[in-house]
Amino acid sequence: MERHVGDGPGAAPGPDAAGEALTARATVDEHGTVTGWSAGAERLLGYTPTRILGRPAASLLAEPPPADTLPAFADLPRWHGTLVLRHRDGRRLEVKVLAHHRTSYCGTRDWFLVSAPTGTRPRPGDDALALHGFLDSPFCATSVHDRDLRFRRSNRGSRGVLGLSDDDLRGLRMTEAVDDPSVGEVERLMRRALETGEPQYVENHAHAPGATREHAWSVHIYRLEDHHGRVLGVATTGHDTTEQYWARKRLQLIAEAGRRIGSTLDVTRTAQELADIAVPDLADFISVDLLASLDDGGTADVLGAAGEYGPLPRAPAAGRPLALRRVAHQSVLPGTPEAVVAPGEVDDYPDGSPPVESLRTGRSVLYRVSEPAIADWVAQDPVRTSRIRDFGFHSAMTVPLSARGTTLGVAVFARHRHPDPFQQDDLVLAEELAARAAVSIDNALRYTRERGTAVTLQRSLLPQSMPEQTAVEVASRYLPAGARAGVGGDWFDVIPLSGARVALVVGDVVGHGIHASATMGRLRTAVRTLADIDLPPDELLTHLDDLVARLATEAEGVAGIAGVVGATCLYAVYDPVSRRCTLCRAGHPLPVVVGPDGTAELLDLPAGPPLGLGGLPFESLETELPEGGLLALYTDGLIESRNGENTGTGTGTGTGTGTGAGAGAGTRTGAGAGVGAGADAVGDLGAGDLDDGITRLRRALAVPAASLDALCDGVLGAVLPERPTDDVALLVARPRALDPERVATWDVAPDPSAVAEARKNALCRLESWGLNDAAFVTELVVSELVTNAIRHAEPPVRLRLIHDRSLICEVSDASSTAPHMRRARSFDEGGRGLLLVAQLTQRWGTRPTPTGKTIWTEQTLG
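For the sequence shown, position 139 (counting from the first letter as 1) is numbered 139 according to UniProt numbering, and the numbering increases by one without interruption.
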């Protein structure tokens with residue numbers, strides 16, 4: 001139990017201050033028990049602390065005040081008047097008492113009572129202090145204090161603010177007259193001014209006695225001296241700057257909202273940013289709800305003919321409830337206990353409720369909780385009724401969220417801890433914040449729809465499933481870029497080729513968005529078309545380079561298409577019969593080969609310029625892939641820096657301006673015919689970033705995994721930054737070797753009589769493979785293809801049968817002239833052979849070889 005008053009907020013500096021012991025001070029709890037007693041109180045009434053603490057305060061009264069003159073103390077913030085007290089020796093004392101109703105340190109309410117020292121009547125020197133200290137102006141609160149910092153005189157402005165007369169104030173300290181923590185700082189500066197003679201200045205915020213709204217004060221403090229230089233005391237002059245203060249606060253809040261609201265293109269985060277800005281500076285609680293109908297419009301709308309989005313849903317007609325989804329809320333209380341609806345949930349608001357009315361009319365409204373509009377609404381909802389009662393809500397504002405003529409939702413601002421109800425200026429501020437947030441939310445919704453369209457387009461253009469083939473075991477992963485960057489144009493593909501071979505492709509289109517996705521789809525289709533005619537990797541990339549250059553020319557000057565059309569690509573063809581792999585790249589990162597022993601190394605492919613630059617050749621590399629090893633192809637998004645930033649700048653090739661393969665900030669610029677480092681691998685990553693990413697990738701690929709899918713997941717987890725800024729495509733292949741017993745090869749003499757022997761050899765091999773059902777068709781195919789090679793081509797001629805998922809028949813020769821199927825006329829002796837072959841087999845075709853060509857057919861096995 002405290003023995004002296006003066007340690008709490010608003011108390012005097014301490015017992016060592018001048019005149020501290022003169023003031024009689026005491027505290028009384030809500031039960032009327034004395035809990036604090038100062039030396040001044042002991043001097044006034046003669047009781048020591050040990051005799052009075054714990055006793056009823058009423059025992060100090062010589063006579064009780066008239067009951068009809070006492071107010072209801074429970075709701076009173078302050079009381080002052082005269083009490084008749086009894087001294088310990090029995091004397092009756094009339095004492096002026098100022099009592100503050102305050103909250104104690106332990107959270108309970110008590111009364112803090114002060115009484116000026118006895119004999120503090122007006123002095124002759126008070127007039128001198130008044131003349132030196134102030135003019136009697138009602139527009140500023142001015143008071144003068146003696147050298148003990150006690151009130152001597154106050155002007156009308158000061159008396160009006162404090163709500164006390166000169167007689168009530170005289171002899172009290174500032175901290176005794178006003179029970180507010182900020183007054184302690186004013187009194188400290190008063191003492192400094194008194195001691196040093198230097199004027200002091202302070203801005204503080206305090207509740208004036210009897211006022212419900214906190215005021216801002218600009219206080220000047222200066223020492224008073226007479227014409228002989230003798231120190232008389234100090235004067236304080238306070239100007240009420242509340243309006244200027246709140247205007248400045250509103251401007252600061254609006255500026256802060258401009259910096260923080262809309263930092264991302266995420267609807268939920270934008271709404272939460274509005275809530276975080278509004279609490280606690282404007283409201284004690286805020287909820288942000290969007291129309292539930294936006295859930296469908298957020299992803300279903302697509303670009304119209306003019307490039308504009310379709311209209312978003314509007315509020316329903318009168319008479320029906322309105323479904324709103326809670327997107328965000330915030331409170332001054334931890335855990336937001338006031339909320340009735342959890343984030344993500346949908347609630348039906350009845351017709352006539354303030355949120356619905358604001359949405360329907362498009363106007364903001366300020367309410368007192370006691371108004372019928374609120375009372376009628378919450379009367380239908382017991383949960384809301386209990387929240388309003390339990391937390392003491394007293395005022396609210398409903399502000400519609402609208403942007404570009406579209407209704408999005410409503411924000412509800414409420415106060416329950418802040419004592420001041422909302423004013424019209426608060427409504428204007430809430431409308432400004434809501435307008436900024438609505439534009440950002442609308443942008444986020446439009447972006448979400450655009451990104452959803454791009455993601456849907458891109459995923460529809462990527463492989464939906466891997467084709468059936470036995471050359472390689474594959475696993476893949478694709479991750480679109482984060483919301484800020486948008487969907488890009490990375491792709492991968494696995495393309496079965498003739499002769500049991502397979503093509504592996506990974507590419508990356510410059511830029512992000514729908515245009516990048518559409519370009520990716522066009523390039524992927526072109527690659528599959530060129531692969532279907534069995535072009536070698538270097539020739540395929542040359543044709544693809546021409547296509548990208550034409551696309552770039554078409555894109556010039558087209559509205560809505562920004563930047564340069566460009567891409568990188570890596571194309572690899574693996575033959576399971578020879579275990580040889582031919583690779584070629586166009587400005588793409590180097591692939592990684594993992595040996596059977598677990599060592600992961602970059603495969604040193606010749607450098608090639610990115611697609612679209614033109615004028616430079618592409619070079620292929622043929623290498624043998626060990627059985628049991630791995631081949632990893634990827635895009636540059638996988639090896640960007642861990643912090644997600646692309647900081648380097650590469651130097652490109654060609655005569656124009658080349659654009660990097662990724663979506664980072666780097667670009668390739670330069671001229672000349674040489675192939676520089678900028679065209680090698682990833683041009684938009686710095687060397688340090690690239691080396692670090694490659695090191696992480698090699699380390700992750702070398703980790704043993706139960707399956708290729710598990711390996712892909714492990715690579716993404718170990719290599720990717722937390723927030724990738726570019727798309728990521730990863731394709732991991734484990735090459736397989738075809739059993740030599742399932743491959744048969746014969747050299748055919750350039751003589752028509754050798755056809756019979758070729759048929760015989762083929763039939764014998766089919767019998768050993770157990771494929772007698774395919775004998776008839778195979779005999780006809782071998783006879784036709786070998787005969788054509790002997791008659792129309794050049795030796796050497798070779799026949800090969802491959803028993804894979806299908807039966808493959810190949811005839812190779814040294815001529816580069818490819819046969820063409822034609823329709824024979826009625827009396828023609830030839831021209832029907834290839835037609836029969838095409839009708840009896842599932843697929844047929846021709847592919848160039850370094851020494852000529854190969855004609856092949858495929859038959860499905862039963």
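Where a beta carbon is used, it is the ideal one built from N, C-alpha and C, also for glycine.
Computed from a predicted model, the values in this text were never measured in an experiment.
{"Query": "Cβ neighbour criterion (16 or more within 10 Å) applied to H803", "Result": "buried"}
{"Query": "Sequence-distant residues of its chain with Cβ nearer than 8 Å to D276 (five each side left out)", "Result": "R260, Q330"}
{"Query": "For L771, the three-state DSSP class (helix, strand or coil)", "Result": "coil"}
{"Query": "Cβ pair A257, L504 closer than 8 Å", "Result": "no"}
{"Query": "Outcome for T807 when other beta-carbon atoms lying within 10 angstroms are tallied against a minimum of 16", "Result": "Note on residue identity: the sequence assigns Leu, not Thr, to residue 807. Buried, because 16 or more other Cβ atoms sit within 10 Å of the Cβ of L807."}
{"Query": "Pair within 8 Å by beta-carbon distance, A437 and L172", "Result": "no"}
{"Query": "Contiguous beta strand (DSSP E) assignments of at least 3 residues, all confined to the segment 376 to 446", "Result": "395 to 403, 406 to 415"}
{"Query": "K853 to Y571 span [Cα, whole Å]", "Result": "21 Å"}
{"Query": "CA-to-CA distance, D89 to T48, given in whole angstroms", "Result": "13 Å"}
{"Query": "Segment contact, 8 Å Cβ cut-off, at least three pairs: the segment 844 to 851 with the segment 528 to 540", "Result": "yes"}
{"Query": "Length at least 3, wholly inside the segment 603 to 629: the beta strand (DSSP E) runs in chain order", "Result": "621 to 624"}
{"Query": "Ordered list of beta strand (DSSP E) runs contained in the segment 784 to 817, each at least 3 residues", "Result": "797 to 803, 806 to 813"}
{"Query": "Reduced DSSP category for C764 - H, G, I as helix; E, B as strand; rest coil", "Result": "helix"}
{"Query": "Cβ distance (whole Å) where P355 is taken to contact L324 below 8 Å", "Result": "7 Å"}
{"Query": "D604 classed as buried or exposed, judged by whether at least 16 other C-beta atoms fall within 10 angstroms", "Result": "exposed"}
{"Query": "Range of the contiguous alpha helix (DSSP H) that encloses E554", "Result": "537 to 555"}
{"Query": "Where T860 falls, given that 16 or more other Cβ within 10 Å makes a residue buried", "Result": "exposed"}
{"Query": "Residue burial classification, G40 (beta-carbon count within 10 angstroms, cutoff 16)", "Result": "buried"}
{"Query": "DSSP beta-bridge partners of I855", "Result": "V811, T846"}
{"Query": "Residues of its chain near E94, where Cβ-Cβ distance is below 6 Å and the 5 sequence neighbours each way are ignored", "Result": "T82, V84"}
{"Query": "R248 classed as buried or exposed, judged by whether at least 16 other C-beta atoms fall within 10 angstroms", "Result": "exposed"}
{"Query": "Beta-carbon separation (whole angstroms), D493 vs R524, contact threshold 8 Å", "Result": "6 Å"}
{"Query": "Beta-carbon proximity list for L782, same chain, < 7 Å, skipping 5 on both sides", "Result": "Here residue 782 turns out to be Val, not Leu, going by the sequence shown. The answer, listed in chain order, is A758, R759, A762, L799, C809."}
{"Query": "Nearest to Y574 (by Cα), restricted to the options L631, F618, V548, A607", "Result": "L631"}
{"Query": "Test item: CB-CB of Y201 and H227 under 8 Å", "Result": "no"}
{"Query": "Best match in G409, A733, V594 for proximity to R698 [C-alpha to C-alpha]", "Result": "V594"}
{"Query": "Contacting residues, own chain, Cβ-Cβ under 7 Å from S440 (five flanking each side not counted)", "Result": "I261, G262, T270"}
{"Query": "Where the beta strand (DSSP E) through S154 begins and ends", "Result": "151 to 154"}
{"Query": "Stretch-stretch touch, CB-based, cutoff 8 Å, three pairs: the segment 762 to 771 with the segment 697 to 711", "Result": "no"}
{"Query": "Residue closest to G728, alpha-carbon to alpha-carbon, out of R459, L366, A206", "Result": "The sequence shown places Val at residue 728, rather than the Gly named in the question. Ranking the options by Cα distance to V728, first place goes to R459."}
{"Query": "Closest by C-alpha distance to L738, when choosing among I694, L60, A471", "Result": "A471"}
{"Query": "T264, enclosing beta strand (DSSP E) - first and last residue", "Result": "Careful: T264 lies outside any beta strand (DSSP E) and carries neither H nor E."}
{"Query": "From R791, S395, A500, G513, residue whose alpha carbon lies closest to that of P480", "Result": "G513"}
{"Query": "Beta-ladder partner(s) of R326, from DSSP", "Result": "D289"}
{"Query": "Minimum C-alpha distance to E627 - residue among R734, E554, A700", "Result": "R734"}
{"Query": "Length-filtered (3 minimum) beta strand (DSSP E) runs lying within the UniProt region \"Disordered\" (338 to 357)", "Result": "346 to 349"}
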